[in-house]
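Number of protein chains: 2
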Amino acid sequence: MTQKPGMKMPSKGARFSKYLPIVEWGRNYRRKDLAGDLLAAVIVTIMLIPQSLAYAMLAGLPPEIGLYASILPLVAYALFGTSRTLAVGPVAVASLMTAAAAGSIAAQGTPEYIAAALMLALLSGLILLAMGLFRLGFLANFLSHPVISGFITASGLIIAASQLKHIFGISVSGHTLLEIVPQLGAHLSETNGPTLIIGASAIIFLFWSRSGLKRTLIGLRLSESTAAMFTRTAPVFAVAGGILAVQFLGLEAAGVRIVGEVPSGLPALAMPQLSPDLMTALIGSAALISLVGFVESVSVAQTLAAKRRQRVDPNQELIGLGTANLAAGFSGGYPVTGGFARSAVNFDAGAQTPAAGIFTAIGIALAALFLTPVLYALPIAVLGATIIVAVLSLVDLSAIKRAWIYSKRDFIAMMGTILITLTAGVELGIMVGVGLAILLHLYHTSRPHFAIVGQVPGTQHFRNVDRHDVQLSECVLTLRVDESLYFANSRFFEDLVYKEIADRPQITHLVLMCPAVNMIDESGLASLEAINARLKEAGVALHLSEVKGPVMDRLNRTDFLENLTGNVYLHQYQAMQDLDKDCAERAMNAALYSRARLASAPGD
Amino acid sequence: MTQKPGMKMPSKGARFSKYLPIVEWGRNYRRKDLAGDLLAAVIVTIMLIPQSLAYAMLAGLPPEIGLYASILPLVAYALFGTSRTLAVGPVAVASLMTAAAAGSIAAQGTPEYIAAALMLALLSGLILLAMGLFRLGFLANFLSHPVISGFITASGLIIAASQLKHIFGISVSGHTLLEIVPQLGAHLSETNGPTLIIGASAIIFLFWSRSGLKRTLIGLRLSESTAAMFTRTAPVFAVAGGILAVQFLGLEAAGVRIVGEVPSGLPALAMPQLSPDLMTALIGSAALISLVGFVESVSVAQTLAAKRRQRVDPNQELIGLGTANLAAGFSGGYPVTGGFARSAVNFDAGAQTPAAGIFTAIGIALAALFLTPVLYALPIAVLGATIIVAVLSLVDLSAIKRAWIYSKRDFIAMMGTILITLTAGVELGIMVGVGLAILLHLYHTSRPHFAIVGQVPGTQHFRNVDRHDVQLSECVLTLRVDESLYFANSRFFEDLVYKEIADRPQITHLVLMCPAVNMIDESGLASLEAINARLKEAGVALHLSEVKGPVMDRLNRTDFLENLTGNVYLHQYQAMQDLDKDCAERAMNAALYSRARLASAPGD
């Protein structure tokens, strides 16, 4: 069997490599892959150092923990992940969620807080791994597009707001806009001038680098993707500028907060303390972090894979991300997942295989070993600026408009997610969003669309009488219900049938056309039985047409078909041919009968 | 417009009577209605006195509260309800749920416990009324058949087990089988002999009256329904026998527990104490009691109405039951709803209008005024026996088998409900049941059935290639997905399409046949866009056929149709006629091209 381009199938004998993809790509590793992977690793490392420090700060953790989370987890993902180009590590949304979850256990800066973050990584790892092994990746489908998009937008806004305090050099706490914004207002008078200058300069520089610098580089004949890639390294220059400014202008004495002492060295491998209480308290948060991280990561991985006609296997991705988080949990890190920006840079810089991730891990390890003394004077405001500029690109307000135009249900789910996330926090936000999407879906299917259908002239096709110019029968009513018949809509459906029949006294045959009925559950069956009995008393025969195989199989196990007053037709066209004949006969009989009646009993 | 028999429509001008049905039937009230209503009221009163006492005991409340709940609520329902024959009052399942909810607030026998029961009635009334006014009756649809049936069965088993203590004359507490059964075993040695004799005799008598007595009465030329009606009054004879036995044999001294002093008089109208804490604590339980009561009540009302070709309006039923519960809350009662057995008796005894309910209320009021001294010596064991015999008819184990045969999903939902109700209580049981039914439904739709379809020879109809003998095209693959495309299945669907295409390299056209796609949400649209883009790269055109109007409307608001590589066909038959032509041309071109290629570049 030949293959379509872009649709690679795993080779048959590769059972082992299915769970350890490195066996597959490692065997075929070539020199030209090495060049691409090395260049990508250098650029991603440069990008990842400030990000790791910044996101650790966002998560309320010491900066070295951000570095630790960018070493072993990358190696673990390189061994078990299926994406060739996904770059894992600390990301903004997972950091925010970590801060919310760990903050419910202990105060920032305490050993308990750090232990909680570690435990979140461990639990996330276990959850993702279990989902991968039991092939539960489909659970992530319940995070619908509008919900995840709304959640990311709201998270971006919260994160940006939470970092403004670093730009102004003031103290503010809180995990929601409702908590953060009033405090910002109250403390604004305490703004530290030099901090604001550094922070604002960094923001301006970083925004400029995204547009102006990119244009300049393109003007220098770099390709668009290369230019974009280099602009992603701009935070490193902001960091360097900030460090130099603090050191040469003595800004620490002027009240500019700096990173301070960062312990140098590699993370110690250690088993986290397994307190059952802590695990119980954090398991829900860990599940949410895992799901959100997985959905984001897989969509990034799939987008990049599609560009090179590769595929990622969602269930193996769960295993890859699971081991990455386990590695984070055992090496002093916190929850990690695939990041969009860094993966795009990795891709654009020419990463060919997951080896790029391993090289990046080596780069970060070297930084943890030798670079930490340099970071001492790094102003917190620069890290805050890095985060703000990074997360504002997550905010996608146009998605709200698209949802409004396309579907009010999707719009409501998205806005609900955004508003609850902004006002009541990330965990409640994502849960309400998922619940809302499910309820709106159920509500929609509980009042299904239906149509009275007639024959499209010249065809054997039957369509909605309100939308198409179709032919109707005199005594046969054909109703097409556009939904499975199940508990949420069976009573609605029953009432609907009664109403349509009551409105049409001339009807003697009702055909339920079932091409859209994908399932009939017990409640639906009970309604069909009730309809059959009720119509029988009213002298109307009930027929079914175009019932699907699986639905028919199930009906055959009951006595419904025996009691059915009419027939089951494979094709609606057959039903009409058959029943129209019957109508003609009935009309003739009725005419004869009424004439006979008139003749025999004129006084009755 | 003429009417079908059995499909009565409300008269157009009757806006007011819509919310106050008594205006409609009161205007047309006739002498012959009165005869039927009076007879029915007498028999229902005789039946309801022991039931009211017994169910109050089941709810952990003093006996007079059962009587109070059978006076004003009946009048309220008669004014606002739409069923002609539904008899409301205390019922077994709502009493069990009341005991569970009030028991979580205070100990039985305390004033707080009674206040909690009163508050449950008040809250249920408000919830039902609100659901009726806002037309939220559809919410009850989420209690699917298997869940409600399993819940009633499990409740019946718990109730029967909980009453065994009265038969044995021992002390046992608990709301679940897990709590009750071990205690029964532990205390069995304390059995009171005379109590057991009375209780067992009552059970045997009541069971015999259902079969033997009924047969005897039928032998005496009574019709089956009249006989059934009279056997329903058997509990009164058991009660009378019990009272006589206690009085003449001096059984109270022998340790037989009796009802004791029952205050005589009518309930005082009083505003219940409105403690916000109590309301908050009970609102969830009240909502569950309301929903379960409503579903049971409406199904009884609809069954009876159908027999006489009347209709009940579910939203007005909510108002009727809501006012009945409010009346219970303001007159010292507890939650009430329509009961199956008493409504059937009411119907069989010839009740014609809700006036029968008002007459029944008068009967119970007379009992509360004058009969209570007689009830002093009534043995509790007889009430226990009454309950046991009544609830065992609720237990329907054959429904489990039917669900197993018809649908494993329905079976799982039913068994889950039964097991959780039995082991963890009624509230958790019903909630888990509803949740389980929804999750199973979502899981089912998340992995939709799909079929490769071909033309049924001699027709324009297309069916599943695995089930029918159909004709397939050479280069066109037609895939029919049997589900709406939405967030829960969009990724599954995407993978499915890629797989089917990857397996068939000769295919150049993919037609998605959409008669069963009732909705495409934003996630589904994103998947369609991805499929379109991916297939384009693979050289396969994507077409849609038989897309429904509402789905098409929505797609027209996006740029998806502009970017679609293929066409949208109204009818699958058109699609095949059009595309088969294209296949033939392509085949010819391919042949020419490969010949040309062979001729020009043999060495390539």
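First to last, the sequence lines map onto chains S and P.
If you use the numbering used here, the first sequence closes out at 604, no skipped numbers anywhere.
If you use the numbering used here, the second sequence closes out at 1208, no skipped numbers anywhere.
Heads up, the beta-carbon is just placed ideally off N, CA and C, and yes, glycines get one too.
> Is the region 674-685 of chain P in contact with the region 934-942 of chain P, if contact means three or more CB pairs nearer than 8 Å?
Replying inline: Touching, yes.
>> Beta carbons nearer than 9 Å to chain P: which residues of the region 573-585 of chain S have them?
In response: Of all residues in the region 573-585 of chain S, Tyr573 and Gln574 have a Cβ within less than 9 Å of some Cβ in chain P.
>> Please tell me whether arginine 84(S) and proline 354(S) are closer than 8 Å, where the distance is taken between their beta carbons.
In response: Between arginine 84(S) and proline 354(S), the C-beta spacing is below 8 Å.
>> I need the straight-line Cα distance from leucine 143(S) to alanine 1092(P), nearest angstrom please.
In response: 8 Å
>> Against chain P, with Cβ distances strictly below 8 Å, would glycine 549(S) count as a contact?
In response: yes
> Name the DSSP beta bridge partners of phenylalanine 462(S), please?
Replying inline: Gln455(S)
>> According to DSSP, leucine 379(S) sits in a beta bridge with which residue or residues?
In response: A small correction: the amino acid at residue 379(S) is proline; leucine does not occupy that position in the sequence shown. Proline 379(S) pairs with Ile258(S).
>> Taking its Cβ as the centre, do 16 or more other Cβ atoms sit within 10 Å of lysine 616(P), making it buried, or is it exposed?
In response: Low per-residue confidence applies at lysine 616(P): pLDDT is 45, beneath 50, and the placement is therefore not dependable enough to give any value.
> Quick one, which residues of the region 443-472 of chain S are near chain P if we go by CB-CB under 9 Å, in chain order?
Replying inline: Tyr443, His444, Thr445, Ser446, Arg447, Pro448, His449, Ala451, Val456, Thr459, Gln460, His461, Arg463, Asn464, Asp466, Arg467 and His468
> Thinking C-beta only, is valine 863(P) closer than 8 Å to leucine 657(P)?
Replying inline: yes
> What are the residues of the region 127-155 of chain S that lie near chain P, defined by any Cβ-Cβ distance shorter than 7 Å?
Replying inline: For the region 127-155 of chain S, the residues whose beta carbon sits under 7 Å from a beta carbon of chain P are, in order, Phe138, Asn141, Phe142, Ser144, His145 and Pro146.
> Where are the alpha helix (DSSP H) runs, 4 residues long or more, that stay fully inside the region 56-125 of chain S, in chain order?
Replying inline: 63-68, 72-80 and 92-103
>> Using 8 Å for Cβ pairs, my map puts leucine 1081(P) next to leucine 1114(P). What's the rounded Cβ distance?
In response: 5 Å
> When DSSP builds the beta bridges, which residues end up paired with alanine 513(S)?
Replying inline: Sequence check: residue 513(S) is methionine here, not alanine. According to DSSP, methionine 513(S) bridges with Arg480(S) and Ser545(S).
>> Please report the straight-line C-alpha distance between threonine 82(S) and glycine 320(S), rounded to a whole angstrom.
In response: One Cα belongs to threonine 82(S), the other to glycine 320(S), and the distance between them is close to 7 Å.
> With distances taken between CB atoms, is the gap from isoleucine 807(P) to alanine 989(P) smaller than 8 Å?
Replying inline: yes
> Given that a residue counts as buried once 16 or more other Cβ atoms are within 10 Å of its Cβ, and exposed if not, what is alanine 107(S)?
Replying inline: Within 10 angstroms of the beta-carbon of alanine 107(S) lie fewer than 16 other beta-carbons, which makes it exposed.
> In this structure, what does DSSP give as the bridge partners for phenylalanine 450(S)?
Replying inline: DSSP, once it has assigned bridges, lists Val481(S) as partnering phenylalanine 450(S).
>> Which residues of the region 389-410 of chain S have a Cβ closer than 8 Å to any Cβ of chain P? Give them in chain order.
In response: Shown in chain order are the members of the region 389-410 of chain S whose Cβ falls below 8 Å from a Cβ of chain P: Arg402, Ala403, Ile405, Tyr406, Ser407, Arg409 and Asp410.
> So what does DSSP say about threonine 604(P), is it helix, strand or coil?
Replying inline: Residue 604(P) is absent from the structure shown; chain P starts at 605 and stops at 1208.
>> Can you tell me whether tyrosine 1173(P) is helix, strand or coil according to DSSP?
In response: strand
> Taking the DSSP output, what are the residues bridged to threonine 941(P)?
Replying inline: Gly693(P)
> Starting from tyrosine 498(S) and walking both ways along the alpha helix (DSSP H), at which residues does that stretch end?
Replying inline: 490-502
> Checking contacts by CB at 8 Å: is methionine 883(P) closer than that to chain S?
Replying inline: no
> What is the DSSP secondary structure of isoleucine 1124(P), reduced to helix, strand or coil?
Replying inline: strand
>> Between glycine 603(S) and chain P, is any beta-carbon pair separated by less than 8 Å?
In response: Residue confidence for glycine 603(S) is low, a pLDDT of 42 falling below 50, so the modelled location carries little weight and cannot support an answer.
>> For leucine 542(S) and tyrosine 1010(P), I'd like the C-alpha separation in whole angstroms.
In response: 21 Å
>> Using a Cβ-Cβ distance cut-off of 8 Å, determine whether asparagine 1122(P) contacts chain S.
In response: yes
> For the region 330-344 of chain S, which residues have a CB atom closer than 7 Å to at least one CB atom of chain A, in sequence order?
Replying inline: The displayed structure is made up of protein chains S and P, and chain A is not among them.
>> Can you look up glutamine 906(P) in the DSSP assignment and give me helix, strand or coil?
In response: helix
>> So with CB distances below 9 Å, who are the chain P contacts of threonine 612(S)?
In response: Only positions 1 to 604 of chain S appear in the structure, and residue 612(S) is not among them; the question remains open.
> Roughly how many angstroms lie between the CA atoms of glycine 954(P) and methionine 833(P), to the nearest whole one?
Replying inline: 10 Å
> What number of angstroms, rounded off, separates the C-alpha of phenylalanine 134(S) from the C-alpha of glutamate 1087(P)?
Replying inline: 25 Å
>> With distance defined between alpha-carbon atoms, name the residue in Gly199(S), Pro373(S), Leu157(S) and Leu178(S) nearest to histidine 166(S).
In response: Gly199(S)
> Among residues of its own chain, excluding the 5 on either side of phenylalanine 1214(P), which ones have a beta-carbon nearer than 7 Å to its beta-carbon?
Replying inline: This structure cannot speak to residue 1214(P), because chain P is shown only from 605 to 1208.
> Using a Cβ cut-off of 9 Å, which residues of the region 221-232 of chain S contact any Cβ in chain P, in chain order?
Replying inline: So nothing in the stretch comes that close.
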